[in-house]
Amino acid sequence: MTLSDEELAEELTDGTVATAPSRLRVVAGRFFRSPQGRVGFAVLAAMFLLAFAGPLFSRWTYTDKDFTAFMQPPSATHWFGTLQTGADVYAVTLRGMQKSLVVGLLAALISTALSAVVGAFGGYFLGWTDRTLNWVTDLLLVLPGFLILAIMSPLFEAGQWPLFVVMLALFLWMVTSKIVRGMTISLKEREFIQAARYMGVSPVRIIFRHVIPNLSSLLIVDATLNVSSAILTETSLSYFGFGIQPPDVSFGTLIADGSRTAVYAPWTFWFVAGLLVVTVLAVNLMGDALRDAFDPSASRRRRR
1 MTLSDEELAE ELTDGTVATA PSRLRVVAGR FFRSPQGRVG FAVLAAMFLL
51 AFAGPLFSRW TYTDKDFTAF MQPPSATHWF GTLQTGADVY AVTLRGMQKS
101 LVVGLLAALI STALSAVVGA FGGYFLGWTD RTLNWVTDLL LVLPGFLILA
151 IMSPLFEAGQ WPLFVVMLAL FLWMVTSKIV RGMTISLKER EFIQAARYMG
201 VSPVRIIFRH VIPNLSSLLI VDATLNVSSA ILTETSLSYF GFGIQPPDVS
251 FGTLIADGSR TAVYAPWTFW FVAGLLVVTV LAVNLMGDAL RDAFDPSASR
301 RRRR
């Protein structure tokens, strides 16, 4: 990693030299100096704040029904209007945002962890371990994930959404694991890995203490981008009834219901659709900014 003179050290008045900043501080500084990083972080933080603190300011919950206001437009009583059932659109939209954000984050973390472990173990050990893990990876790549999740959708009922998260994550990690494998094969020939091996450090310890931490830049960016992929996948599956199951709601279930009434009652569709677009855009902006923060040379090459 190449740092500027100002980042490496600064001359103090008494002639001493300050310690060079840590890698985390340097990356964080680059990230927040980027306009898209600042915008993406601020918008995503606002989305989380709205999703989890917003319901506290409304008199309605997502399970409440107002039987005196069916399909009513936004008003002082119902800020986003109401649905055909009398449910408050503001309350159910924020509940759906909560579920989609949680599903997206958990699925991204699980899939990134899987890609790191599988790719690192395959690339470090090679041989039959690599062949077996490659076979599993290639098998999952050719399996129709959407169809399998659709078939398993009855298992996601009665609040079993964590199972849906795990199944969703199982179809998001394969491509990154192949990249991690290739980088591990190159990384294990480096001097510090060879030194650890000659000192008798176990292979598993080397993988978790040396190999995976040195791939942190790739994994952090991958996890960030997987959040938007998981949210969009969950939305698509729930739109067709194969994801989050009633009585719970998510972006997908709300968009599916709102699409039927979007023409003559736009408030049932456009609020949730707009929040989905803004959330995914913010995550993608953060992912791009993180990639540039870890690899500034790539950003300069794209600008040429």
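For the sequence shown, counting from 1, position 270 maps to 270 in UniProt numbering; every step adds exactly one.
Every residue gets a Cβ at the ideal spot worked out from N, C-alpha and C, and that includes glycine.
This one's a predicted model, so the numbers in the text were calculated from it and none came from an experiment.
**Prompt:** On the three-pair Cβ rule with 8 Å, is the stretch 87-94 touching the stretch 188-197?
**Reply:** no
**Message:** Could you tell me the alpha carbon to alpha carbon distance between Val118 and Ile207, rounded to whole angstroms?
**Reply:** Within the sequence shown, residue 118 is the residue found at index 118, counting from 1. Within the sequence shown, residue 207 is the residue found at index 207, counting from 1. Going from the Cα of Val118 to the Cα of Ile207 covers about 11 Å.
**Request:** Would you kindly work out how many angstroms separate the C-alpha atoms of Thr176 and Ser202, rounded to a whole number?
**Result:** The residue given as residue 176 occupies position 176 in the sequence shown. The residue given as residue 202 occupies position 202 in the sequence shown. Roughly 25 Å between the two C-alpha positions.
**For Thr82, the three-state DSSP class (helix, strand or coil)** = Taking the first residue of the sequence shown as 1, we reach residue 82 at position 82. Looking at Thr82 - three-state DSSP - the assignment turns out to be strand.
**Prompt:** Does the beta-carbon distance from Leu168 to Ala256 come in below 8 Å?
**Reply:** Within the sequence shown, numbered from 1, the residue matching residue 168 stands at position 168. Within the sequence shown, numbered from 1, the residue matching residue 256 stands at position 256. Against a cut-off of 8 Å, the Cβ pair of Ala256 and Leu168 comes out as no contact.
**Message:** Measuring only the C-alpha atoms, how far is Val166 from Pro246?
**Reply:** To locate residue 166, count along the sequence shown from 1; it is residue 166. To locate residue 246, count along the sequence shown from 1; it is residue 246. Their Cα atoms are separated by approximately 19 Å.
**Request:** Between the Cα of Glu41 and those of Thr279, Ser236 and Thr68, spot the shortest distance and give me the residue it belongs to.
**Result:** Here the question's residue 41 lines up with position 41 in the sequence shown. What sits at residue 41 in the sequence shown is Phe, not Glu. Out of Thr279, Ser236 and Thr68, Thr279 has the C-alpha closest to the C-alpha of Phe41.
**Prompt:** Which residue comes first and which comes last in the alpha helix (DSSP H) that contains Asp66?
**Reply:** Here residue 66 refers to the residue found at position 66 when the sequence shown is read from its first residue. Careful: Asp66 lies outside any alpha helix (DSSP H) and carries neither H nor E.
**Message:** In the DSSP assignment, the alpha helix (DSSP H) including Leu125 goes from what residue to what residue?
**Reply:** Reading the sequence shown from its first residue, position 125 is the one you call residue 125. It is worth fixing the name first, because residue 125 is Phe in this sequence and not Leu. Its alpha helix (DSSP H) spans residues Val89 to Phe125.
**Request:** For the alpha helix (DSSP H) containing Ala236, list its first residue and its last residue.
**Result:** Locating residue 236 in the sequence shown gives position 236, where the first residue counts as 1. For the record, residue 236 in the displayed sequence is Ser; it is not Ala. First-last of the alpha helix (DSSP H) with Ser236: Ser216 to Tyr239.
**Message:** Rounded to the nearest angstrom, what separates Trp289 and Arg33 at their Cα positions?
**Reply:** Locating residue 289 in the sequence shown gives position 289, where the first residue counts as 1. Locating residue 33 in the sequence shown gives position 33, where the first residue counts as 1. The sequence shown places Ala at residue 289, rather than the Trp named in the question. Roughly 9 Å between the two C-alpha positions.
**Prompt:** If you drop the 5 nearest sequence neighbours on each side, which residues of the same chain put their C-beta closer than 7 Å to that of Pro296?
**Reply:** Numbered from 1 along the sequence shown, position 296 holds the residue referred to as residue 296. Cβ neighbours of Pro296 beyond the five flanking positions: Arg30.
**Asked** Since Gly29 is in the alpha helix (DSSP H), which residue starts that stretch and which ends it?
**Response** Counting from one through the sequence shown, the residue named residue 29 turns up at place 29. First-last of the alpha helix (DSSP H) with Gly29: Arg23 to Arg33.
**Message:** Along the chain, where does the alpha helix (DSSP H) containing Arg205 start, and where does it finish?
**Reply:** One-based indexing of the sequence shown puts residue 205 at position 205. First-last of the alpha helix (DSSP H) with Arg205: Pro203 to Ile206.
**Item:** Inter-residue Cα distance where the pair is Glu10 and Ile220
**Value:** Position 10 of the sequence shown, counted from the start, is the residue given in the question as residue 10. Position 220 of the sequence shown, counted from the start, is the residue given in the question as residue 220. Residue confidence for Glu10 is low, a pLDDT of 41 falling below 50, so the modelled location carries little weight and cannot support an answer.
**Prompt:** Which one of Gly243, Thr224, Phe57 and Leu50 has the shortest CA to CA distance from Leu163?
**Reply:** Locating residue 163 in the sequence shown gives position 163, where the first residue counts as 1. The shortest C-alpha separation from Leu163 is found at Gly243.
**Prompt:** Can you give the Cα-Cα distance for Leu133 and Gly81, rounded to whole angstroms?
**Reply:** Taking the first residue of the sequence shown as 1, we reach residue 133 at position 133. Taking the first residue of the sequence shown as 1, we reach residue 81 at position 81. Whole-angstrom Cα-Cα distance: 51 Å.
**Asked** Ala230 and Val103: beta carbons closer than 8 Å?
**Response** As a first step, residue 230 is located in the sequence shown; it is residue number 230 there, counting from the start. As a first step, residue 103 is located in the sequence shown; it is residue number 103 there, counting from the start. Result yes, Cβ atoms of Ala230 and Val103 sit closer than 8 Å.
**Prompt:** Whose C-alpha, out of Met174, Ile179, Arg25 and Val43, is nearest the C-alpha of Leu285?
**Reply:** Here residue 285 refers to the residue found at position 285 of the sequence shown. Cα-wise, what sits closest to Leu285 is Val43.
**Asked** Closest to Thr253 by CA distance: which of Ala53, Leu139, Ser75 and Glu234 is it?
**Response** Reading the sequence shown from its first residue, position 253 is the one you call residue 253. For Thr253, the nearest C-alpha among the options comes from Glu234.
**Asked** In three-state DSSP terms, what is Glu189?
**Response** Along the sequence shown, one-based indexing puts residue 189 at 189. In the structure shown, Glu189 sits in coil (DSSP, three-state: anything other than H, G, I, E or B).
**Item:** Three-way DSSP call (helix, strand, coil) for Ser75 in this model
**Value:** Residue numbering aside, residue 75 sits at position 75 when the sequence shown is read from its first letter. Looking at Ser75 - three-state DSSP - the assignment turns out to be coil, as it is neither helix nor strand.
**Straight-line Cα distance separating Phe70 from Ala265** = Numbered from 1 along the sequence shown, position 265 holds the residue referred to as residue 265. Numbered from 1 along the sequence shown, position 70 holds the residue referred to as residue 70. About 11 Å.
**Request:** Starting from the C-beta of Phe171, find all residues in its chain whose C-beta is less than 7 Å away, skip the five residues before and the five after it, and write them out in chain order.
**Result:** What you label residue 171 is simply residue 171 of the sequence shown in a count that begins at 1. So the list reads Leu140 and Gly145, once near-sequence residues are dropped.
**Asked** By DSSP, does Leu170 sit in helix, in strand, or in coil?
**Response** In the sequence shown, residue 170 corresponds to position 170, counting from 1. Of the three classes helix, strand and coil, the one that applies to Leu170 here is coil, per DSSP.
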